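A short write-up of the structure that comes next.
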Amino acid sequence: MDYTLCGDYRLPNLLPTQEEEYDIGIYGQRYFRYIKEHDKILFINLLTTGKLNEHLAEVDTRAQAMEAMLIKRMAEQEGINEALKEQNQLEWVQRMNNIRNRAEEIIYENLING
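In the numbering used here, the protein residues as written are 1024 to 1137.
So, in structure tokens, the structure goes:
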């Protein structure tokens, strides 16, 4: 712990160190809400050590990579490709939205709320 000399006394620095700025996307924001409400010990530890934003950015990055991989894999398994997009755009959009929603649910269950 760091201390500041004030006259004859050493007072502890209770404020966390300044954190670096990170771009935190939707998954990082939702994870923030989750740990703030459901895992207060982790939240306080990350906050007081100055690593909260770094951790949120890391979770967000992992979630985005997982989402891209899941969408690609599901689309391949279900035969959704550029040919379908050219033939029937509306069906392609509906099926891709369905896949994206399922991928988000998997991410929430395994990474955000897990």
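Glycine included, C-beta positions come from ideal geometry on N, C-alpha and C. Source: prediction; values computed, not measured.
Just so you know, the alpha carbons of Gly1048 and Lys1059 end up roughly 17 Å apart. Looking at the backbone, the Cα of Glu1105 and that of Ile1094 are separated by about 14 Å. Counting of Cβ neighbours within 10 angstroms places Gly1137 among the exposed residues, the total staying below 16.
DSSP places Tyr1131 in no beta strand (DSSP E); its state is neither H nor E.
Rounded to the nearest whole angstrom, the C-alpha separation of Tyr1045 and Ala1086 is 15 Å. Per DSSP, reduced to three states, the secondary structure at Leu1037 is coil, with no helix or strand assignment. Straight across, the Cα-Cα distance linking Glu1081 with Lys1074 is about 11 Å.
Per DSSP, the beta-bridge partners of Leu1028 are Arg1033. When only Cα atoms are considered, Leu1070 and Phe1055 end up about 11 Å apart. By the criterion of a C-beta distance shorter than 7 Å, His1061 is surrounded by no residue of its chain, once the five residues flanking it on both sides are discounted. In the DSSP assignment, Glu1043 falls outside any alpha helix (DSSP H), carrying neither H nor E.
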